[in-house]
Structures are given as C-alpha cells and as structure tokens.
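A.B. asks: Mapped onto full-length UniProt numbering, the consecutive letters of the sequence shown carry residue numbers 1 to 739.
Just so it is clear, CB atoms sit at the ideal spot from N, CA and C, and this is done for glycine as well.
A single structure is presented below for examination.
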Amino acid sequence: MSTAVNEASRSDMNNRLAETDITRWHLDSSSRGQVAWTYDNSTEREMGEQSFETKYWLSIHPQSPIPLDNKGNPFEAAKNGFEFLKRLQSPGGHWSSEYGGPLFLTPGLVITCYITKTPLAAEVKAELVRYLVNHQRQGNDTCDQGWGLNVSQKSTVLGTALNYVACRLLGMDAQVPMLSRARTTLHALGGATCIPTWGKVWLSLLNVYDWEGVSPMPPESWLFPSFLPFHPSRWWVHTRQVYIPMSYLAGKRIKTGLDPLTQSLRGELYTQTYESIDWFSCRTLIAQTDLLSPHHPALKCIYSMLAYWEKICPQTLRKMGLDHVYGLCAMEDDNTDFTHLGPINKLFNFLVRWDREGSDSEAVLKHQLGLSDYLWMTSKGMFMMATNGSQLWDLVFITQAAVEAGVADTEDRSSQETIVKALGWLDKCQIMENPKHYHSSHRHMARGAWPFSTKKQSYTVSDCTAEALKSVILIQQKLAYTPKLVTKDRIYMAIEVILSLQNSDGGFSSYEPTRGPQWLEWLNPSELFSNVMVDYSYTECTTACLTAMSVFKAHYPEFQTSKIKQAMESAIKFIHSTQKEDGSWYGSWGVCFTYATMFGLEGLSVNQESYENSIRAQRGCQFLLDRQRIDGGWSESFESCGQKVYIQDTESQVVQTSWAISALLAAKYPDYRPIKRACKFLMDKQKPSGDWEDHSIAGSSNGSIIVTYPLFNFSWCVFISFYPLRAKTKRDSLTGFEL
Numbered sequence: 001m002s003t004a005v006n007e008a009s010r011s012d013m014n015n016r017l018a019e020t021d022i023t024r025w026h027l028d029s030s031s032r033g034q035v036a037w038t039y040d041n042s043t044e045r046e047m048g049e050q051s052f053e054t055k056y057w058l059s060i061h062p063q064s065p066i067p068l069d070n071k072g073n074p075f076e077a078a079k080n081g082f083e084f085l086k087r088l089q090s091p092g093g094h095w096s097s098e099y100g101g102p103l104f105l106t107p108g109l110v111i112t113c114y115i116t117k118t119p120l121a122a123e124v125k126a127e128l129v130r131y132l133v134n135h136q137r138q139g140n141d142t143c144d145q146g147w148g149l150n151v152s153q154k155s156t157v158l159g160t161a162l163n164y165v166a167c168r169l170l171g172m173d174a175q176v177p178m179l180s181r182a183r184t185t186l187h188a189l190g191g192a193t194c195i196p197t198w199g200k201v202w203l204s205l206l207n208v209y210d211w212e213g214v215s216p217m218p219p220e221s222w223l224f225p226s227f228l229p230f231h232p233s234r235w236w237v238h239t240r241q242v243y244i245p246m247s248y249l250a251g252k253r254i255k256t257g258l259d260p261l262t263q264s265l266r267g268e269l270y271t272q273t274y275e276s277i278d279w280f281s282c283r284t285l286i287a288q289t290d291l292l293s294p295h296h297p298a299l300k301c302i303y304s305m306l307a308y309w310e311k312i313c314p315q316t317l318r319k320m321g322l323d324h325v326y327g328l329c330a331m332e333d334d335n336t337d338f339t340h341l342g343p344i345n346k347l348f349n350f351l352v353r354w355d356r357e358g359s360d361s362e363a364v365l366k367h368q369l370g371l372s373d374y375l376w377m378t379s380k381g382m383f384m385m386a387t388n389g390s391q392l393w394d395l396v397f398i399t400q401a402a403v404e405a406g407v408a409d410t411e412d413r414s415s416q417e418t419i420v421k422a423l424g425w426l427d428k429c430q431i432m433e434n435p436k437h438y439h440s441s442h443r444h445m446a447r448g449a450w451p452f453s454t455k456k457q458s459y460t461v462s463d464c465t466a467e468a469l470k471s472v473i474l475i476q477q478k479l480a481y482t483p484k485l486v487t488k489d490r491i492y493m494a495i496e497v498i499l500s501l502q503n504s505d506g507g508f509s510s511y512e513p514t515r516g517p518q519w520l521e522w523l524n525p526s527e528l529f530s531n532v533m534v535d536y537s538y539t540e541c542t543t544a545c546l547t548a549m550s551v552f553k554a555h556y557p558e559f560q561t562s563k564i565k566q567a568m569e570s571a572i573k574f575i576h577s578t579q580k581e582d583g584s585w586y587g588s589w590g591v592c593f594t595y596a597t598m599f600g601l602e603g604l605s606v607n608q609e610s611y612e613n614s615i616r617a618q619r620g621c622q623f624l625l626d627r628q629r630i631d632g633g634w635s636e637s638f639e640s641c642g643q644k645v646y647i648q649d650t651e652s653q654v655v656q657t658s659w660a661i662s663a664l665l666a667a668k669y670p671d672y673r674p675i676k677r678a679c680k681f682l683m684d685k686q687k688p689s690g691d692w693e694d695h696s697i698a699g700s701s702n703g704s705i706i707v708t709y710p711l712f713n714f715s716w717c718v719f720i721s722f723y724p725l726r727a728k729t730k731r732d733s734l735t736g737f738e739l
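Next comes the structure, spelled out in structure tokens:
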C-alpha cells in the first residue's frame with residue numbers, strides 16, 4: 001500500500017493485495033464532466049507527469065508559484081484564492097471534486113461486483129481496502145472499533161457489518177487484527193441480525209442473510225392506479241428510485257450461490273449459529289445505534305398484512321409486478337445513460353439487469369463501464385461517491401464568486417480563459433430534452449434545467465437550475481469579454497423549469513413538486529433517514545429559486561412578468577413561515593442552521609427586508625451573532641442536523657464563517673465589527689498558495705448523511721473576501737475596514 005497508510009494499519013493488510021504507487025494515479029476529467037481515476041502500470045510511465053489537479057486531490061502538494069500574500073486585504077485574498085482555483089480547473093471547464101461522506105456505499109459496489117463476477121482491477125481493490133482501513137474507528141472501546149454510517153462517526157451495525165463484508169470480499173483474512181476488532185464490535189452491537197433494512201437486502205443478495213428476515217416490498221404495488229395518494233410514483237425521487245429495483249430483487253429473492261467465503265461469513269457476522277436464527281423475527285429488529293426513524297404503527301400494521309400477502313400472492317400477479325418494475329429499471333438506465341440518480345439505485349439496477357438479461361448482455365456491460373464514474377481516489381484510498389460528482393454545483397458557486405468578487409472582471413487573459421471555459425461547460429451541461437421515457441417513468445420535466453452533477457445524469461434539480469441560471473446571466477451580462485453561448489430562449493426555458501417546481505405553500509422542492517401527502521412519512525421504511533417519503537419545500541431551494549427569479553427579472557423584465565411576480569411573493573411568504581422562534585432557519589442540505597439562515601436572510605433581502613426595517617432580519621442576525629466565537633469564526637457541527645438544535649463544533653471553520661458573513665451582509669447588519677473580525681479570521685486562515693484548508697463537514701441530507709464539499713473552501717471564501725470592500729463602497733458608514 002501507499003506510504004500514506006501507517007505501519008499499524010499496514011500490518012492489517014492482506015499480503016496478497018498488490019500495493020499501489022500513489023504517484024501513478026491520474027484523474028481524467030472529460031469535457032462532459034465524467035471523472036475517471038486511472039492507474040499507470042507501465043514501466044515508462046506512459047501517462048506522464050501527474051497534473052496539478054491530480055496532485056492536489058491526492059494531497060501530494062503540487063508545486064505552487066511564488067507564495068502569495070493577501071497583505072490583510074480582502075480583495076488580494078480573493079485574487080489569490082481565484083489564482084489557485086484557475087490551476088485546479090479541469091480541462092473541460094468544470095472543477096472536479098470528491099462527493100463523499102457516507103461509508104455504506106462502497107460495500108454495495110463490492111457486493112455487486114462479487115455477485116455478478118465483475119472484475120475489479122488489483123489497484124482498485126487495494127485502494128478500496130486502504131480507504132476502509134484508514135476509516136475504521138480506533139480506540140479502546142470494543143463497541144466502537146468498526147465503521148459508522150458516515151466518516152468520523154461512531155460504529156453502527158450497518159457500517160460495521162457491510163464494511164467488514166467488503167474487506168472480506170476484497171481478499172482480507174478474517175483473522176487479521178483489524179477485522180477481529182471489527183467483528184468484536186459487530187457482535188457487541190448485536191450482530192448482523194439487527195442491521196437496518198438496506199443492510200438486510202445487501203446481505204440477502206450475498207446469501208449471508210435469509211430473505212425471510214427482510215420486510216416485504218412487493219413489486220405489484222406499482223400496479224395500483226397512479227392517482228392513489230400512496231402510489232410509489234408519488235414518493236420522493238431518491239426513495240422511489242431505490243425502491244423500484246429493490247422490490248424486484250426482494251420480490252424474486254435473488255441471491256448468489258454459496259461458496260467457501262460466503263459460508264464463512266455466515267459464521268462471522270452473527271452472535272449465534274446461522275442455522276439457529278429465527279429469521280422472521282429479525283424483520284423489524286434494528287439496533288438502536290442505527291435507528292434514526294423508527295417504524296410508525298401504520299407501517300407495522302402494513303408489514304403484518306404484507307407478510308400474509310407474501311404467502312398468498314398469485315404468481316401471475318407477482319410476475320406482472322416484476323415485469324413492470326424491470327421495465328422501470330430499464331427506462332431509468334435509458335434516461336440516464338446508465339449513470340443514475342445515485343449509486344444505490346445504480347447498483348440495484350445493475351443486479352436487476354444482470355438477473356433478467358444475463359451477464360453477457362449489453363446492459364450489464366454498460367453498467368460495468370459506468371462504475372468508474374462513482375469512484376474517487378484520495379490520499380487515504382478509494383471510495384464510492386454519493387453521486388457521480390458535484391460538478392455543476394461546485395462550478396456555479398465558483399463562477400458567481402469570481403464575478404461578484406470582481407476577480408473575473410479583469411484584463412488578465414488566463415482569468416478570462418478560466419471564466420469562458422466555465423461558461424462553455426455550463427452551456428454544454430444544460431439539459432435540452434426531456435428524458436426518453438419522460439411520462440412512463442414518472443419523471444418531472446427536464447428540458448431547460450441543469451442537474452447537480454453532469455448532463456448525462458439528467459435529473460432536474462431546483463436550486464442547481466436556479467444557481468446555474470444566475471451564473472449564466474452574471475457571466476454573460478456583467479463581463480464584456482464572454483460570448484453569449486446560452487441564448488435568451490434557453491434562459492427562458494430555465495425560468496419555466498423553476499416556475500414548474502413551486503409548491504402550493506410557496507416553497508420549492510428539490511427535484512419535483514411535492515406529489516404525495518405528508519402522512520406518507522408514516523410509511524418510511526428506511527430506519528436510517530428522516531423525511532424521505534415526499535419531496536418537501538426547502539428554505540435553501542426556495543431562496544435559490546427566488547434570487548434566480550430576481551436576477552432574471554432584472555435582465556429580462558418582459559417574460560412571464562405576472563407569473564414571476566406571484567411566484568416571488570409566494571416564496572417570500574414561505575421563507576417567513578419557516579423561520580424559527582430563535583431567528584434561525586433549519587438547513588436540510590447543509591450544516592445546518594448557519595447554512596439555512598444565510599439563505600433565509602438572503603431571501604428576505606430580495607423583499608427589501610434588512611436589519612434596519614425587519615424584525616425577521618434582526619432575529620436572524622442575532623441568532624448568528626450569539627454564536628460567533630472569540631477568534632471571529634463560526635463552527636456549527638454536523639450533529640445539529642440530527643439533533644435539530646445548534647451544536648457548536650470544536651473549532652472555527654472557514655466555510656461556516658463565510659456563510660455567516662454572507663448572511664449578515666445580506667441583512668445589511670449595521671455594526672461592522674463582528675464582520676471585520678470574521679473576515680480577519682478568513683484572511684488568517686488563507687495559505688500562502690492561495691487556498692484555504694478546512695476539513696469540516698459542510699453538506700448534509702436526510703438528517704443523518706454527511707456530505708463533503710472540498711471546493712466550498714474556495715468558492716465561499718473568495719466570494720466573502722471581497723464582500724466587505726463592495727459593501728464599503730456602497731455604505732459610507734463602513735470605514736476603517738483595512739485588516
């Protein structure tokens with residue numbers, strides 16, 4: 001293994017696994033945004049020198065130009081940050097980055113490849129193992145020497161059982177010390193019988209858990225009329241797209257054949273012999289360490305009825321259900337060109353196509369080829385990302401920061417080229433047609449939208465479309481040197497998509513308007529995640545769409561004037577309604593109250609509400625000011641997301657601090673001293689190379705999932721660094737800001 005693994009961890013590695021030389025890995029980013037890490041096995045290093053981009057993401061510390069000094073000047077800090085970003089830009093015009101955090105994804109990849117006999121390259125297997133070794137929990141607590149749901153979290157049954165299995169399937173011996181420790185933890189937590197449903201499904205597919213111990217998920221539920229409020233097409237899209245293939249796999253009880261390794265795993269994962277387990281009683285047995293969302297009594301009742309239904313379901317009806325969900329899987333493959341919304345439904349779809357069409361089918365080959373889109377290499381090893389990247393999402397904030405900070409409005413040719421390349425990628429990334437199976441696969445309109453990652457992934461996302469639209473307008477309207485690549489008609493298409501996503505409460509959902517009633521949450525079967533059954537209105541998405549409409553209206557006042565006015569008024573009312581008594585807003589897609597309060601105050605500013613004239617803005621500002629640390633920064637912990645109260649982390653963070661500054665400035669907070677202290681914190685944290693280092697967690701979802709956004713260190717810090725100077729020129733009262 002690479003020298004990045006310490007000697008204690010190295011002793012845990014199975015000697016049969018090949019070592020890799022981290023200097024031979026290369027990041028290949030296509031013009032469309034797909035990423036692929038490749039390993040140069042050649043003696044002559046035919047792939048040549050690693051790029052700056054590759055070295056940065058592998059923490060090899062690429063050679064930087066002469067060290068930069070921000071001189072205590074915010075604009076110099078912004079310029080220095082942008083200079084670093086220019087070097088980090090991918091050849092296609094976007095910025096590549098990891099999208100990590102969860103530890104339950106890589107095991108699904110390994111299990112799927114094992115079942116389908118999809119070969120993984122030796123260097124990939126080695127790095128997958130190294131990542132798991134590096135993220136195993138350390139310490140003396142025997143209940144916490146496994147893996148958590150996410151990185152840096154305490155051991156859970158799901159994380160420990162699945163990652164233990166992954167290590168074994170990748171070639172590690174059961175008796176190596178790290179797996180012995182993990183096994184002790186797993187048994188102390190109750191063993192794999194109390195793994196959540198997702199884990200029960202994965203282990204059943206591998207034939208190391210019995211399908212009799214999995215709650216029913218009948219595929220024939222898709223045969224109900226779609227107008228019924230509980231029809232699966234009305235569920236939130238992520239839940240829906242996982243349930244479709246999962247219902248096929250569970251409906252057929254697919255499992256691989258036993259071999260010596262899986263036979264051994266049957267004896268390693270449980271606290272009793274495999275043959276003695278009462279599997280039916282394990283259906284709803286979930287460890288407390290893993291239980292975020294307990295089953296509602298309504299779901300328990302439904303499970304009891306479905307248990308009986310499983311015994312009497314006519315085979316002809318089951319076949320109809322299986323055929324229907326298979327068709328939905330095939331349509332999803334076509335719609336996304338085998339990329340998919342996320343890794344779980346991609347892997348389950350892979351298994352469905354493998355079961356139905358055979359290992360030599362074209363669909364299986366395409367699934368195999370697409371696996372690399374989800375793999376990301378780091379200095380600590382390789383893992384499976386939570387999507388195929390965050391390319392669009394990162395690009396829009398970087399470009400907005402560059403334009404708003406003034407560093408893009410320059411005569412410097414290299415800076416101009418960076419922005420033009422980014423605009424070119426935005427141009428190519430806009431979705432120009434609805435999916436092939438638009439209506440029959442229950443998809444929302446996509447024509448005119450932008451996705452979260454790449455065009456190939458093809459899903460409409462409300463805030464991604466909104467932020468991309470803002471970026472396009474800013475770049476094309478504010479910078480004289482940029483070509484007008486995105487035409488007026490296409491900009492109109494984007495605003496039509498945004499208008500289509502508004503809910504009756506005035507807010508905006510993530511992927512599509514809310515389709516089902518809120519009581520569908522009673523049927524949440526996940527145990528791991530909260531609020532996943534319908535697509536709710538979110539403060540962050542609402543403000544993104546509101547500000548996009550505001551920017552659009554300023555440049556294109558003639559289009560859909562009355563509709564946009566009404567939509568903006570309704571969005572403002574939603575933002576008013578979701579503010580909490582303490583002045584904050586709860587964040588669903590970032591950590592957490594700081595993130596959403598920034599969006600809340602920005603939304604109020606569109607309505608001309610500021611600290612001077614709005615009690616709402618005053619309360620929002622006070623919430624943030626009460627939580628500023630002595631060093632001037634802010635430091636909210638990811639734990640806030642699950643606890644739903646503000647929890648402070650151990651030290652200040654540059655991204656959190658940038659969000660808080662942005663919020664205060666959006667509200668026109670009149671006392672500049674706390675903002676000055678916060679900006680000085682950002683200046684002091686900038687490295688001589690121009691970048692900022694912050695390993696804290698910025699993103700979240702579903703109340704329990706960690707999401708990493710490494711490029712937020714740049715986009716938000718560059719954006720905020722120039723803000724004080726811009727504010728100073730607008731308000732004469734702001735004097736003496738020099739740091």
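Start and end of the beta strand (DSSP E) containing G699?
C.D. replies: Here residue 699 refers to the residue found at position 699 of the sequence shown. Counting along the chain, the beta strand (DSSP E) containing G699 begins and ends at 699 to 701.
A.B. asks: Cα separation between F383 and L258?
C.D. replies: Numbered from 1 along the sequence shown, position 383 holds the residue referred to as residue 383. Numbered from 1 along the sequence shown, position 258 holds the residue referred to as residue 258. Rounded to whole angstroms, F383 to L258 spans 27 Å at the Cα level.
A.B. asks: Taking just the CA atoms, how far does V110 sit from E19?
C.D. replies: As a working note, residue 19 is residue 19 in the sequence shown. As a working note, residue 110 is residue 110 in the sequence shown. One C-alpha to the other measures close to 19 Å.
A.B. asks: Counting along the chain, where does the beta strand (DSSP E) carrying F383 start and finish?
C.D. replies: Indexing the sequence shown from 1 puts residue 383 at position 383. 381 to 384 is the span of the beta strand (DSSP E), which, as asked, contains F383.
A.B. asks: Are there 16 or more other CB atoms within 10 angstroms of the CB of W354, so buried, or fewer, so exposed?
C.D. replies: Indexing the sequence shown from 1 puts residue 354 at position 354. So W354 ends up on the buried side.
A.B. asks: From this set, I398, V201, R283, which residue's C-alpha is nearest I419's C-alpha?
C.D. replies: Sequence index remark: in the sequence shown, residue 419 carries index 419 (1-based). Ranking the options by Cα distance to I419, first place goes to I398.
A.B. asks: List the DSSP bridge partners of S29.
C.D. replies: Here residue 29 refers to the residue found at position 29 when the sequence shown is read from its first residue. DSSP, once it has assigned bridges, lists V35 as partnering S29.
A.B. asks: Return the chain-ordered list of same chain residues with a C-beta closer than 8 Å to the C-beta of K730, the five sequence neighbours on each side being excluded.
C.D. replies: Residue numbering aside, residue 730 sits at position 730 when the sequence shown is read from its first letter. At K730 the pLDDT is 38, less than 50, meaning the model places this residue with poor confidence; the figure from the coordinates comes in the next sentence. The answer is none, since no qualifying residue turns up.
A.B. asks: Go through its chain and collect everything with a Cβ distance to S90's Cβ below 7 Å, but skip five positions before and after it.
C.D. replies: Numbered from its first residue, the sequence shown carries residue 90 at position 90. Same-chain partners within the cutoff: S29, E53, S96.
A.B. asks: Rounded to the nearest angstrom, what separates S510 and L501 at their Cα positions?
C.D. replies: Residue 510 sits at position 510 when you count from the first residue of the sequence shown. Residue 501 sits at position 501 when you count from the first residue of the sequence shown. Roughly 8 Å separates the two Cα atoms.
A.B. asks: What is the DSSP secondary structure of D178, counted as helix, strand or coil?
C.D. replies: Taking the sequence shown and counting its residues from 1, the one referred to as residue 178 is at position 178. With the sequence shown as reference, residue 178 is identified as Met, and Asp is not the correct amino acid for it. In the structure shown, M178 sits in a helix (DSSP, three-state: H, G or I).
A.B. asks: Ignore the nearest five residues each way along the sequence and tell me which others in Q138's own chain have a CB closer than 8 Å to its CB.
C.D. replies: Here residue 138 refers to the residue found at position 138 when the sequence shown is read from its first residue. Q145, listed in sequence order.
A.B. asks: If we count the other Cβ atoms within 10 Å of its Cβ and call it buried at 16 or more, is R45 buried or exposed?
C.D. replies: Here residue 45 corresponds to residue number 45 of the sequence shown, with the count starting at 1. Flag for R45 reads exposed.
A.B. asks: Which of the three DSSP states, helix, strand or coil, is assigned to F529?
C.D. replies: Within the sequence shown, numbered from 1, the residue matching residue 529 stands at position 529. Coil at F529, not helix or strand.
A.B. asks: According to the Cβ coordinates, are Q430 and T339 closer than 7 Å?
C.D. replies: Residue mapping note: residue 430 aligns to position 430 of the sequence shown, counting from 1. Residue mapping note: residue 339 aligns to position 339 of the sequence shown, counting from 1. It is not a contact, given that the beta carbons lie outside the stated cut-off.
A.B. asks: Expressed to the nearest angstrom, what Euclidean distance is found between the alpha-carbon atoms of S605 and Q288?
C.D. replies: By 1-based counting over the sequence shown, the position of residue 605 is 605. By 1-based counting over the sequence shown, the position of residue 288 is 288. Straight-line Cα distance between these residues: approximately 43 Å.
A.B. asks: Once you ignore the five residues that flank L105 on each side, which residues in its own chain have a CB closer than 6 Å to its CB?
C.D. replies: On the sequence shown, position 105 is the one that residue 105 refers to. P343, M384.
A.B. asks: Could you tell me which of W376, G213, N702 sits nearest to L128, measuring between CA atoms?
C.D. replies: For the purposes of this step, residue 128 is identified with residue 128 of the sequence shown, where counting begins at 1. L128 has its Cα closest to that of W376, out of W376, G213, N702.
A.B. asks: Can you find the residues in the same chain that come closer than 7 Å, C-beta to C-beta, to V497, ignoring five residues on each side of it along the sequence?
C.D. replies: Position 497 of the sequence shown, counting from 1, holds the residue named residue 497. M445, G448, A449, T460, T465.
A.B. asks: Return helix, strand or coil for F599, following the three-state DSSP convention.
C.D. replies: Numbered from its first residue, the sequence shown carries residue 599 at position 599. Three-state DSSP puts F599 in a helix.
A.B. asks: Pop quiz: G92 and W425 are said to be a contact at Cβ under 8 Å. What is the actual Cβ separation, rounded to whole angstroms?
C.D. replies: The count along the sequence shown starts at 1 and reaches residue 92 at position 92. The count along the sequence shown starts at 1 and reaches residue 425 at position 425. Contact holds; Cβ gap of about 6 Å.
A.B. asks: Once DSSP output is grouped into helix, strand and coil, what is the label at N613?
C.D. replies: Working through the sequence shown from its first residue, we reach residue 613 at position 613. In this structure, N613 counts as coil in the three-state DSSP scheme.
A.B. asks: Round the Cβ separation of S588 and Y538 to the nearest angstrom and send it over; I've been treating them as touching at under 8 Å.
C.D. replies: Working through the sequence shown from its first residue, we reach residue 588 at position 588. Working through the sequence shown from its first residue, we reach residue 538 at position 538. 5 Å between Cβ atoms; contact.
A.B. asks: Is the distance from the Cβ of I473 to the Cβ of H576 below 7 Å?
C.D. replies: By 1-based counting over the sequence shown, the position of residue 473 is 473. By 1-based counting over the sequence shown, the position of residue 576 is 576. Their beta carbons are not under 7 Å apart, which means I473 does not touch H576 by this criterion.
A.B. asks: Apart from the five residues on each side of it in sequence, which residues of its chain come closer than 7 Å, Cβ to Cβ, to R168?
C.D. replies: Here residue 168 refers to the residue found at position 168 of the sequence shown. The residues are A174, L261, L265.
A.B. asks: Are the CB atoms of G101 and T454 within a distance shorter than 7 Å?
C.D. replies: As a working mapping, residue 454 is identified with position 454 in the sequence shown. As a working mapping, residue 101 is identified with position 101 in the sequence shown. For T454 and G101, no; Cβs fall outside 7 Å.
A.B. asks: With H, G and I counted as helix, E and B as strand and the rest as coil, what does DSSP make of P483?
C.D. replies: Translated into the one-based positions of the sequence shown, residue 483 becomes position 483. Here P483 sits in coil by DSSP.
A.B. asks: Rounded to the nearest angstrom, what separates N713 and M172 at their Cα positions?
C.D. replies: Your numbering for residue 713 matches position 713 in the sequence shown. Your numbering for residue 172 matches position 172 in the sequence shown. The straight-line gap from Cα to Cα measures roughly 37 Å.
A.B. asks: If you draw a straight line from the alpha carbon of D631 to that of S462, how long is it in whole angstroms?
C.D. replies: Indexing the sequence shown from 1 puts residue 631 at position 631. Indexing the sequence shown from 1 puts residue 462 at position 462. Taking the straight line joining both Cα atoms gives about 36 Å.
A.B. asks: For the putative contact between L186 and A161, defined by C-beta atoms under 8 Å, what is the C-beta separation to the nearest angstrom?
C.D. replies: Taking the sequence shown and counting its residues from 1, the one referred to as residue 186 is at position 186. Taking the sequence shown and counting its residues from 1, the one referred to as residue 161 is at position 161. With a Cβ gap of about 6 Å, L186 and A161 count as contacting.
A.B. asks: What residues are listed by DSSP as bridge partners for F508?
C.D. replies: The residue labelled residue 508 in the question sits at position 508 within the sequence shown. According to DSSP, which records beta bridges pairwise, F508 is partnered with Q502, Y538.
A.B. asks: Can you list, in chain order, the residues of its chain with a C-beta nearer than 6 Å to that of D427? Leave out the 5 residues immediately preceding and following it.
C.D. replies: On the sequence shown, position 427 is the one that residue 427 refers to. Within the same chain, D427 has close Cβ partners L485, V486.
A.B. asks: Under a three-way DSSP split, which group does I254 fall into?
C.D. replies: The count along the sequence shown starts at 1 and reaches residue 254 at position 254. Reduced to three states, the DSSP call for I254 is coil.
A.B. asks: According to DSSP, is P216 helix, strand or coil?
C.D. replies: Numbered from its first residue, the sequence shown carries residue 216 at position 216. Three-state result, P216: coil.
A.B. asks: Taking Cβ positions, are V396 and A494 nearer each other than 7 Å?
C.D. replies: Mapped onto the sequence shown, residue 396 falls at position 396. Mapped onto the sequence shown, residue 494 falls at position 494. No. Outside cutoff.
A.B. asks: Closer than 7 Å by C-beta to N434: which residues in its own chain qualify, once you throw out the five before and the five after it? Chain order, please.
C.D. replies: Position 434 of the sequence shown, counted from the first residue, corresponds to residue 434. Result list for N434: M445, A446, R447, in chain order.
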